């Protein structure tokens, strides 16, 4: 090959190329059917560069408010007030009114399941109530010790007085609903005048900030981890940054298409936006997510057209000394 020679990629390339700046020969024949004597060989070169490389995949998703844990009302009676769809409910807000009495949202992960009053057995729901009332400013002296004492009753009385309710110092079963976060009211399942059934969610709720939700092909989850940075392509050509918020580990089987075959199994993927305001008022719109599944830094790279398929199944390049 005169001064040119083929080398396999890898260590050999690092040695033969001599670092970034070495040139690669790329041959192109004008017409392979011509006799050898008349074949015109055009040779182009490309520069080996040292750069960062990343493998990415694009996923279709829906941008909107993600479903959240719904409020479960435990008071029987008749609904006399309900929030409008789109209302954001925060701790201290009324979720609904049953027989004219408010059901209040408080912050907590343990569901309300009993009345709370002096003499009730110690448990986590008591400490949760104390912390919730303290956060609303009704019990700064509460310590969240899971014991309902005089300080707890006093905080409950201050809270009841602020609500305009009967001041008893006790929380009846059904007075409150604990949820781990603020929620946005979605589709209603009841209307004013409907009977309230114990254990019923009067409406669906979603998160209060937009996120992107996708059903990821279970075979494509390798290399994706919670916290990974992603790019979101918005309608209209805009782009914004986000992160993998959750990635399901239990796959859902594909649906039967009616012809005896099913689609691929998927896992749920949720993406949070670094700047939620970048999505504007968009809701339930299709977007594309670009995820980096593998990355290498400071590597030698060549154009794909410069690669030569070797007999042993590897690839090589033809090096032209500088």
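In this note's numbering, the protein residues as written are 274 to 595. The beta-carbon is built from N, C-alpha and C at its ideal position, and this holds for glycine as well. Remember, predicted model here, so these are calculated numbers, not experimental data.
Apart from sequence neighbours up to five positions away, the residues of its chain that approach residue 466 with a beta-carbon distance below 7 Å are 351 and 352, ordered along the chain. Between the alpha carbons of residue 347 and residue 472 lies a distance of about 6 Å. The count of Cβ pairs closer than 8 Å, one atom from the stretch 320 to 337 and one from the stretch 564 to 581, reaches three, so the stretches are in contact. The beta-carbon distance between residue 419 and residue 443, rounded to whole angstroms, is 17 Å. This is too long to meet the 8 Å contact definition. In terms of CA proximity to residue 385, 400 leads the group 400, 391 and 371. If you draw a straight line from the Cα of residue 549 to the Cα of residue 477, it comes to about 22 Å. Each residue's CA atom was taken as its position, placing residue 516 and residue 498 some 9 Å apart. The Cβ-Cβ distance between residue 461 and residue 475 falls below 8 Å.
Across the set 576, 587, 582 and 589, the C-alpha of 576 shows the shortest separation from the C-alpha of residue 317. For residue 399, the enclosing alpha helix (DSSP H) starts and ends at 397 to 408.
Ranked by how close their Cα comes to the Cα of residue 355, the residues 372, 565 and 556 have 372 in first place.
If you ignore the 5 residues before and after residue 511, its C-beta comes within less than 8 Å of the C-beta of 551, all in its own chain and listed in chain order. In this structure, 360 is the residue among 536, 507, 342 and 360 with its C-alpha nearest to the C-alpha of residue 458. Bounds of the beta strand (DSSP E) holding residue 350 are 350 to 354.
Residue 380 has 452 as its beta-bridge partners, per DSSP. Taken through DSSP and simplified to helix, strand or coil, residue 359 comes out as coil. For the 8 Å CB-CB criterion, residue 546 and residue 487 do not form a contact.
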